[in-house]
Amino acid sequence: MSHKIRTRVTAVAALAALTLAGCSSDPEPTGDAGTSATSAATASTAASGDATDTDRTKIPRLRAYLHSTMAFGAPMINFDKDGELEEYADEVDVDYWDSVDQLRAAMMQGDAQVAATPAYTAANLYNKGVDVRLIGQVVWGMLYVLGPDTAEEGDWDGLKGQKVAVVMPGEMVDLVFSYLLAENGLDKETDITYVPVNDPRQAVGMLAKGEVDWAVLPEHLATVALKKTAESGKNLKRVFNLQEEYGRATGGPARFPMAGLIMPGELVDAHPELPAAVLEEVADTTAKVNDGDDATIRAIAEQYDMPEPLVRDIIPRLNLEVVPASESRKQYEEFLEVLATVNPDVYGGTLPDDSFYAE
33 MSHKIRTRVT
43 AVAALAALTL
53 AGCSSDPEPT
63 GDAGTSATSA
73 ATASTAASGD
83 ATDTDRTKIP
93 RLRAYLHSTM
103 AFGAPMINFD
113 KDGELEEYAD
123 EVDVDYWDSV
133 DQLRAAMMQG
143 DAQVAATPAY
153 TAANLYNKGV
163 DVRLIGQVVW
173 GMLYVLGPDT
183 AEEGDWDGLK
193 GQKVAVVMPG
203 EMVDLVFSYL
213 LAENGLDKET
223 DITYVPVNDP
233 RQAVGMLAKG
243 EVDWAVLPEH
253 LATVALKKTA
263 ESGKNLKRVF
273 NLQEEYGRAT
283 GGPARFPMAG
293 LIMPGELVDA
303 HPELPAAVLE
313 EVADTTAKVN
323 DGDDATIRAI
333 AEQYDMPEPL
343 VRDIIPRLNL
353 EVVPASESRK
363 QYEEFLEVLA
373 TVNPDVYGGT
383 LPDDSFYAE
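If you read the sequence shown in the working numbering, its first letter stands for residue 33, the second for the next number, and so on.
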């Protein structure tokens, strides 16, 4: 069993990936969306004759295709490192996607057997004919509004007239922030000076230079920004925890299913036991992450070239919990409908049907 993790971005730059993948960047699918890893797996398995003692048919490779961000790097840091999935696949590896084009192509061409996606991207792909199944949620919100340390926490009126940098305009961070602004009686176009910022690193620089006093950021970038601005003599804090604000606005839990895992539908049909096995593997590592297991924290720190104490500080704010799709469907659909109040087309216009959710 091989385990390959390739890091292609720095710790700060990596955070941009999680906020990608809105419907604006989703391409129209071409070709047969049913293409997946299963046909190749079947042929290879027939040739190799690999099987477990229970005659389970193994697939040649199980590739996890992730965002290059700590929110998904952390729960997948030990993906099958202990060989827990070796009865399902001959080889396990991890790679990273940078755009929805890459993600869609990987899912359609069988290059990825499990992939991490923002919530609405999974539904958008499905609604555009890509044969994917949602197997579970992992990230439950990690968005914060940084502002002056003198600001009153939770006071939305305090944003009036302020210049606010919002990373990845039109995507997850922007959608959640825009919804909460409106729910708290503010108009993004008239009540604040909205500063769209495509590169999260630029937002950190703008805060440090005093070009803006406020910014809407995901973790772990929010922690990095606080550290950088403090070094430049500017004292900021988390004025808004958007998970808590979401709970107040909706009357529900102070969290939302921000990102989850999908698999090719044909693969799920051919290997119905595989989604549960993958979720169990991710859940085991997530528990170690949340419990602060020394070896796991050390691995994350090495992966993202960050000090271990800083990683430990960030972990609780990543809000990691593995919840199967069948159990999280209600919250997932409610979240999609909330996002649709900002952009009606964000998930493709129709809630996915039953077949989208893996059992």
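Glycine included, every Cβ here is placed at the ideal spot set by N, Cα and C.
For residue i, which option in the options has the closest C-alpha, if you only look at C-alpha atoms?
i: Trp246; options: Glu263, Thr222 and Phe272; result: Phe272
i: Asn230; options: Ala357, Asp206, Asp223 and Asn351; result: Asp206
i: Val110; options: Glu340, Lys320 and Ala291; result: Inspection of the sequence shows that residue 110 is occupied by Asn rather than by Val. The option with the nearest alpha carbon to Asn110 is Lys320.
i: Ala308; options: Ser264, Phe104, Glu116 and Ser100; result: Glu116
i: Val171; options: Ala281, Glu353 and Glu123; result: Glu353
i: Glu123; options: Gln145, Val370, Arg136 and Ala197; result: Gln145
i: Ala281; options: Leu213, Thr222 and Tyr389; result: Leu213
i: Ala197; options: Ala291, Thr382, Val177 and Ala302; result: Val177
i: Gly202; options: Asn216, Glu215, Ala183 and Thr153; result: Thr153
i: Gly380; options: Tyr389, Ser387, Glu369 and Ala390; result: Glu369
i: Gly13; options: Glu391, Gly292, Pro376 and Glu366; result: Outside the displayed range of the chain (33 to 391) lies residue 13, so it cannot be described from this structure.
i: Asp189; options: Val199, Met204 and Glu215; result: Glu215
Using 10 angstroms around the beta-carbon of residue i, count the other beta-carbons present and answer buried if the total reaches 16, otherwise exposed.
i: Glu156; result: One point to set straight first is that residue 156 is Asn, not Glu, in the sequence displayed. It counts as buried.
i: Pro228; result: exposed
i: Asp58; result: A caution first: Asp58 carries a pLDDT of 42, below 50, which makes its placement in the model unreliable, though a value can still be read off. Buried, since its Cβ has 16 or more Cβ neighbours within 10 Å.
i: Ala106; result: buried
i: Ala254; result: buried
i: Glu251; result: buried
i: Ser360; result: buried
i: Gly324; result: exposed
i: Thr382; result: exposed
i: Ser210; result: buried
i: Thr222; result: exposed
i: Gly186; result: exposed
i: Ala232; result: Looking at the sequence itself, residue 232 is Pro, so the reference to Ala does not match. Under this definition Pro232 is a buried residue.
i: Glu277; result: buried
i: Pro296; result: buried
i: Ala291; result: buried
Are the beta-carbon atoms of residue i and residue j separated by less than 8 Å?
i: Ile294; j: Val164; result: yes
i: Ala357; j: Ile167; result: yes
i: Leu94; j: Met108; result: no
i: Tyr120; j: Ser100; result: no
i: Ala257; j: Leu239; result: yes
i: Leu268; j: Asp181; result: yes
i: Val355; j: Gln169; result: yes
i: Met174; j: Tyr336; result: no
i: Ala151; j: Tyr364; result: yes
i: Leu135; j: Val199; result: no
Helix, strand or coil: which one does DSSP assign to residue i?
i: Thr77; result: In this predicted model, Thr77 has a pLDDT of only 38, less than 50, meaning its place in the structure is not dependable; the value taken from the coordinates is given anyway. Helix at Thr77.
i: Ile332; result: helix
i: Asn267; result: coil
i: Met140; result: helix
i: Trp188; result: helix
i: Pro232; result: helix
i: Lys241; result: helix
i: Ile347; result: helix
i: Ala183; result: coil
i: Asp163; result: coil
i: Val374; result: coil
i: Met295; result: strand
i: Phe111; result: coil
i: Asn216; result: coil
i: Asp58; result: Confidence at Asp58 is low in this model, with a pLDDT of 42, below 50, so the placement of that residue should be treated as unreliable; the coordinate-derived value is given next. Three-state DSSP puts Asp58 in coil, outside helix and strand.
i: Glu123; result: strand
i: Pro307; result: helix
i: Thr101; result: coil
i: Thr225; result: strand
i: Thr382; result: coil
i: Glu391; result: coil
i: Lys320; result: helix
i: Pro201; result: coil
Compute the Euclidean distance between the alpha carbons of residue i and residue j, then round it to the nearest angstrom.
i: Asn351; j: Leu342; result: 16 Å
i: Pro289; j: Glu243; result: 32 Å
i: Leu218; j: Ser264; result: 31 Å
i: Lys362; j: Gly284; result: 12 Å
i: Val208; j: Thr89; result: 42 Å
i: Gly66; j: Thr149; result: Interpretation of Gly66 is limited by its pLDDT of 38, a score under 50 that renders its predicted location unreliable; the figure taken from the coordinates is listed afterwards. Using only the alpha carbons, I get a separation of about 19 Å.
i: Asp112; j: Ala96; result: 11 Å
i: Gly193; j: Ala147; result: 40 Å
i: Asp385; j: Val126; result: 29 Å
i: Met139; j: Lys160; result: 13 Å
i: Ala302; j: Ile332; result: 33 Å
i: Asp143; j: Pro92; result: 12 Å
i: Asp114; j: Glu340; result: 22 Å
i: Thr373; j: Glu184; result: 28 Å
i: Arg270; j: Glu305; result: 42 Å
Following a CB-centred definition, is residue i positioned closer than 7 Å to any heavy atom of the ligand GTP?
i: Leu306; result: The ligand GTP is not part of the structure shown, which contains no ligands of any sort.
Within the 8 Å Cβ cut-off, does residue i reach chain B?
i: Glu365; result: In summary, chain B is missing from the structure at hand, where a single protein chain is found.
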